[in-house]
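Counting along the sequence shown from 1, when you hit position 113 you're at 117 in our numbering, and nothing is skipped either side.
Glycine included, each C-beta is placed from N, C-alpha and C at the ideal position.
Here is the structure we will look at.
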Amino acid sequence: MGKIVLAGDHGAVELKKQITDFLKKKNIDITDLGTFGDAAVDYPDIALAACREFLKGGYDFGILLCGTGIGVCITANKVKGIRCALVSDLFTAEMAKAHNNANFIAFGGRVAYATPVTAMIEKFMTTAYEGGRHERRIAKMMALDKQG
Ligand code: RB5
Numbered sequence: 005m006g007k008i009v010l011a012g013d014h015g016a017v018e019l020k021k022q023i024t025d026f027l028k029k030k031n032i033d034i035t036d037l038g039t040f041g042d043a044a045v046d047y048p049d050i051a052l053a054a055c056r057e058f059l060k061g062g063y064d065f066g067i068l069l070c071g072t073g074i075g076v077c078i079t080a081n082k083v084k085g086i087r088c089a090l091v092s093d094l095f096t097a098e099m100a101k102a103h104n105n106a107n108f109i110a111f112g113g114r115v116a117y118a119t120p121v122t123a124m125i126e127k128f129m130t131t132a133y134e135g136g137r138h139e140r141r142i143a144k145m146m147a148l149d150k151q152g
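What follows is the structure, given as structure tokens:
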């Protein structure tokens with residue numbers, strides 16, 4: 005696994021640190037676009053910056069964080085070419101890759117997950133996209149990018 009772009013707002017600074025520590029131990033190349041402190045930032049700005057960075061190419065996927073994961077996820081899904089999944093457990097982590105071939109996953113720093121976020125990321129990273137019938141469904145989703 006090569007390269008991941010990561011960004012979050014002030015609602016997920018500690019979670020982002022846990023994730024970067026986890027990814028560094030795996031020798032994964034990370035582009036961390038912040039935020040790095042407690043000062044409030046607007047999650048649409050953070051999410052858009054990460055999506056634009058991802059779309060430059062060379063990334064395996066991206067991780068977006070805010071208080072709930074919802075704001076960054078909604079924002080990312082408005083950017084052409086992005087499929088961001090709001091992951092909440094190992095099952096949704098697996099399906100986000102196997103069925104949706106998501107290129108971003110989102111989490112909330114203020115959410116009390118039953119499963120560690122790092123375990124969900126690991127599940128996403130180690131699951132293969134199934135292709136087949138899902139290819140048609142993904143093509144239909146992505147065709148909406150052209151409708152504006
Ligand atoms: C910021 O207070 C909060 O609204 C944000 O982190 C996120 O939860 C939005 O969806």
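Item checked: Contact shell at 6 Å, judged by CB to any heavy atom of the ligand RB5, ordered along the chain -> Asp13, Gly15, Tyr47, Cys70, Gly71, Thr72, Ile74, Gly75
Check: For Ala16 versus Gly38, is the C-beta distance shorter than 8 Å?
Finding: no
Check: Grouping DSSP H, G and I as helix and E and B as strand, with all else coil, what is Asp42?
Finding: coil
Notebook entry, point to check: Near Pro48, which residues of its chain fall below 6 Å by C-beta distance, leaving aside the five closest residues on each side in sequence?
Noted result: Thr79
Next item on the list: Have a look at the DSSP bridge pairing and note the partners of Thr130.
Entry: Note: Thr130 sits in no beta bridge, so no partner.
Margin query: If the criterion is Cβ atoms closer than 8 Å, does the pair Cys88 and Ala102 meet it?
Written below: no
Check: Which residues mark the beginning and the end of the beta strand (DSSP E) in which Val9 is found?
Finding: 7 to 12
Notebook entry, point to check: Between Glu18 and the rest of its own chain, which residues show a CB-CB distance below 8 Å, the 5 nearest in sequence each way excluded?
Noted result: Gly113
Notebook entry, point to check: Can the beta-carbon of Glu57 be found closer than 8 Å to that of Thr24?
Noted result: no
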